[in-house]
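One rule links them: number in the numbering used here = place in the sequence shown (from 1) + 287.
Think of the CB as a built atom: it goes at the ideal place given N, C-alpha and C, for glycine as much as any other residue.
Since the structure is predicted, the reported quantities are computational estimates derived from the model, not experimental observations.
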Amino acid sequence: MRTDSIFYKLFQQFPGLLFEFVDEPPPEAQNYQFESVEVKETAFRIDGVFLPPDYAPSKVVYFAEVQFQKDEDLYHRFFTESLFFMYRNKERYHDWYGVVIFASRSLEPTNTTIHRSLLAGDQVRRVYLDELGDIKQQPLSLGLMLLTAIPDTQPDQAVEAARYLLVQAQQQPPEDISPQAIIDLVTTIMVYKFKTLSREEIGAMLGSTLEETRFYRDAVAEGRVEGRVEGIRSLVLELINYRFGDISEQNVSKIEQLSLEKLRSLSLALFNFSSLADLESWLQSQPSE
């Protein structure tokens, strides 16, 4: 699963999520700004940087790293990038803290000798998602993160967890995010994560569960179609990008002109496409609208 883009979405929607893992979060935690930062004069791009608001008296930067595969160079890269960022911005920020999130403990680098003092101190927190406990005992935002960590070999557990999160989104929605945004995040995680699920299984999870939620029924009753079209179109384009890479502006334009019904058809047809040529053939077969 391509975790970078999913966690980027999670941190964008829930900027306070990272501070669930910080022992003493700053008073302005909810107002930190999540960014992907390029460090000039190097080849470094730091994907998870939480910058304090300008009014914060304590200028502490929080660096986040999410790891779902084994990488023995992880700590070399993480500490080098973080400390170089602080060097370049030493006049603006006064301190830093790091959070490294692993899908499981087995993915941590084997040799930590070089970085033992940093890892042993209170400046870096290591989190293992599969050790955080039952997803139903966690806040909704953290539950979304745990959904990403369910192994591909346990599709039934993932479907059950996704259904639970969808119901929670309409029963106890967070104050700072809409139920539709939660629905989009859950569906994106499931589409990216479980490519081996059949069309019927995905349809059952996304379709019947969504239709049972009050938010979905109200949206249909009130005719709020345009927002749903935009959400599905965005999801379809992300899935295409994940499977086949960038597509031409001409094909993007064709997808942007599809109706809600045809976007749904395309989202299902994608699971049978084996190449970009299949997508282009499907688009060419659609009459102009």
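For this session: Take every Cβ of the stretch 427 to 437, pair it with every Cβ of the stretch 402 to 409, and state whether three or more of those distances are shorter than 8 Å.
Result: no
Exercise. Are the beta-carbon atoms of proline 312 and phenylalanine 321 separated by less than 8 Å?
Worked result: no
Exercise. Residues bridged to alanine 351 by DSSP?
Worked result: Val386
Problem set entry | Residues near threonine 583 in its chain [Cβ-Cβ closer than 8 Å; skip 5 each side] | What is shown of the chain runs 288 to 576, which leaves residue 583 out entirely.
Problem set entry | Outcome for glutamate 352 when other beta-carbon atoms lying within 10 angstroms are tallied against a minimum of 16 | buried
For this session: Use the C-beta contact count for glutamine 300: other C-beta atoms within 10 angstroms, 16 or more gives buried, fewer gives exposed.
Result: buried
For this session: Starting from valine 539, follow the alpha helix (DSSP H) in both directions and report where the run begins and ends.
Result: 536 to 543
Exercise. By a C-beta neighbour count over all protein chains shown, 10 Å radius and 16 as the cutoff for buried, is glutamate 342 buried or exposed?
Worked result: The amino acid at residue 342 is misidentified as glutamate; the sequence shows tyrosine. Tyrosine 342 should be labelled exposed.
Exercise. When the Cα atoms are used, what is the spatial distance from glutamate 462 to aspartate 310?
Worked result: 23 Å
Exercise. When DSSP builds the beta bridges, which residues end up paired with arginine 413?
Worked result: Val387
Exercise. Below 8 Å between beta carbons: does that hold for alanine 456 and isoleucine 437?
Worked result: no
Exercise. Under the three-state reduction of DSSP, which class applies to valine 473: helix, strand or coil?
Worked result: helix
Problem set entry | Simplified DSSP state of leucine 338, which is helix, strand or coil | strand
For this session: Please go through the same chain and pick out, in chain order, the residues whose beta-carbon is closer than 6 Å to the beta-carbon of arginine 413, but skip the five residues on each side of it.
Result: Val387
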